[in-house]
């Protein structure tokens with residue numbers, strides 16, 4: 015078992031990933047240099063290289079902008095938590111046997127993680143404060159159980175919301191507050207795969223999920239104002255899997271998802287009056303992670319389906335811009351800082367390590383088409 019005192023990664027050198035400006039020349043090549051994005055530099059580092067570690071990372075930032083990552087250590091069968099301080103990364107153990115975590119940080123710095131117990135398949139919840147980690151079972155497998163990767167988010171009132179696929183195939187939602195835990199079935203039909211949950215500013219719950227048999231899974235969206243669940247199909251033409259959801263400040267719902275039938279990474283968005291669907295990367299992408307910046311820009315990170323590159327896609331309101339961040343990766347998790355800093359935690363599939371990438375700010379504009387930021 016790792017403890018915060020025993021495992022402090024000091025002085026890990028951050029390398030700068032050279033960036034190919036051709037990847038961001040879409041505006042220049044189209045004769046519109048004012049809309050061409052400037053080439054950024056990414057800082058890449060290895061967060062944890064102890065054994066085979068870093069699967070299913072979940073990244074969240076606290077109020078000070080410090081990064082927290084929950085992830086699975088396969089070598090020791092542990093659920094771990096890492097946070098970055100002034101001297102490097104500090105790593106501690108949450109629980110032996112946990113997997114598939116989803117992490118969120120409350121405004122007061124309290125950490126919440128939902129995950130699956132690897133042996134009993136129970137849905138678990140861990141909360142950490144100044145006194146350490148406290149663990150509890152939310153729902154046992156005999157009552158429905160949990161799928162591999164639950165999704166957790168915190169409501170504006172501090173309540174904990176978890177979406178998960180039960181072993182029976184239904185979509186379920188658990189709510190935790192001072193009165194304890196309650197759970198309910200959201201969608202009883204189909205086989206639910208890897209739901210993604212996000213909260214609205216007024217406490218409304220939104221869940222994106224893939225439902226149905228492999229090969230014909232539909233992308234679905236469930237929403238609730240606290241009383242009634244509304245279910246709708248977003249995309250039924252392909253084969254959806256492992257979507258990611260986020261809500262804009264104006265209430266627009268955004269979903270990134272892979273379409274296995276076409277091989278493309280797709281984006282769906284809705285203001286409540288129907289869904290608009292578009293292709294982000296026709297070359298393919300899986301395990302997307304989605305976040306929205308305060309300026310309305312949409313950010314998606316994902317591994318390319320064919321070569322395992324970590325790609326970052328940005329939508330500025332007019333077009334998508336794509337770039338390559340790293341190679342040989344899977345399972346990324348994205349978070350945006352209040353200052354615009356982009357953070358990504360991901361599993362290095364070629365070396366079995368947990369990696370971390372950071373970009374200091376927004377991509378910007380390149381009016382001269384030379385790869386350098388302009389005014």
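In the working numbering, the protein residues as written are 15 to 389. Built from N, CA and C at the ideal position, the CB exists for glycine as well. On a predicted model such as this, the values are computed, not experimentally measured, just so you know.
Between the options, which has its C-alpha nearest residue i's C-alpha?
| i | options | result |
| --- | --- | --- |
| residue 318 | 139, 283 and 278 | 278 |
| residue 212 | 69, 307, 167 and 326 | 167 |
| residue 84 | 169, 59, 118 and 78 | 118 |
| residue 237 | 229, 320, 208 and 267 | 267 |
| residue 148 | 107, 179 and 121 | 107 |
| residue 69 | 288, 55, 94 and 333 | 94 |
| residue 5 | 340, 373, 89 and 349 | Because the chain spans 15 through 389 in this model, residue 5 falls outside it and cannot be assessed. |
| residue 80 | 265, 192, 281 and 98 | 98 |
| residue 250 | 229, 327 and 74 | 229 |
| residue 140 | 336, 150 and 134 | 150 |
| residue 220 | 325, 231, 67 and 257 | 257 |
| residue 210 | 302, 284 and 334 | 302 |
| residue 287 | 253, 248 and 333 | 248 |
| residue 332 | 312, 55, 110 and 374 | 312 |
| residue 224 | 187, 179, 65 and 57 | 179 |
| residue 67 | 343, 144 and 354 | 343 |
| residue 165 | 349, 348 and 129 | 129 |
| residue 231 | 189, 276 and 261 | 276 |
| residue 283 | 273, 298 and 259 | 259 |
| residue 367 | 59, 131 and 63 | 63 |
| residue 216 | 171, 163, 235 and 191 | 171 |
| residue 202 | 182, 214 and 188 | 182 |
| residue 272 | 285, 305, 314 and 360 | 314 |
| residue 143 | 176, 77, 299 and 123 | 123 |
| residue 347 | 354, 369, 374 and 353 | 369 |
| residue 334 | 226, 280 and 355 | 280 |
| residue 184 | 120, 176 and 207 | 207 |
Residue i lies in the beta strand (DSSP E); which residues open and close that run?
| i | result |
| --- | --- |
| residue 206 | 206-213 |
| residue 234 | 232-238 |
| residue 120 | Segment: none, residue 120 is in no beta strand (DSSP E) and carries neither H nor E. |
| residue 340 | 334-340 |
| residue 140 | 137-143 |
| residue 127 | 125-131 |
| residue 346 | 343-350 |
| residue 62 | 56-62 |
| residue 87 | 81-87 |
| residue 109 | 102-110 |
| residue 165 | 165-168 |
| residue 177 | 174-179 |
| residue 305 | 303-306 |
| residue 314 | 312-317 |
If you reduce the DSSP assignment to three classes, tell me which class residue i lands in.
| i | result |
| --- | --- |
| residue 224 | strand |
| residue 275 | coil |
| residue 257 | coil |
| residue 76 | coil |
| residue 191 | strand |
| residue 323 | coil |
| residue 296 | coil |
| residue 147 | strand |
| residue 372 | strand |
| residue 250 | coil |
| residue 287 | coil |
| residue 355 | coil |
| residue 92 | strand |
| residue 184 | coil |
| residue 364 | coil |
| residue 242 | coil |
| residue 203 | coil |
| residue 68 | strand |
| residue 99 | strand |
| residue 218 | coil |
| residue 267 | strand |
| residue 331 | coil |
| residue 114 | strand |
| residue 152 | strand |
| residue 262 | coil |
Exposed or buried, what is residue i when buried is set at 16 or more other beta-carbons lying within 10 Å of its beta-carbon?
| i | result |
| --- | --- |
| residue 296 | exposed |
| residue 114 | buried |
| residue 263 | exposed |
| residue 320 | exposed |
| residue 153 | buried |
| residue 89 | exposed |
| residue 104 | buried |
| residue 71 | buried |
| residue 91 | exposed |
| residue 352 | exposed |
Check your understanding: Taking contact to mean at least 3 C-beta pairs separated by less than 8 Å, is the segment 230-242 in contact with the segment 190-197?
Key -> no
Practice item. Could you say if the segment 281-298 and the segment 325-332 meet the contact criterion of at least three C-beta pairs nearer than 8 Å? Key: yes
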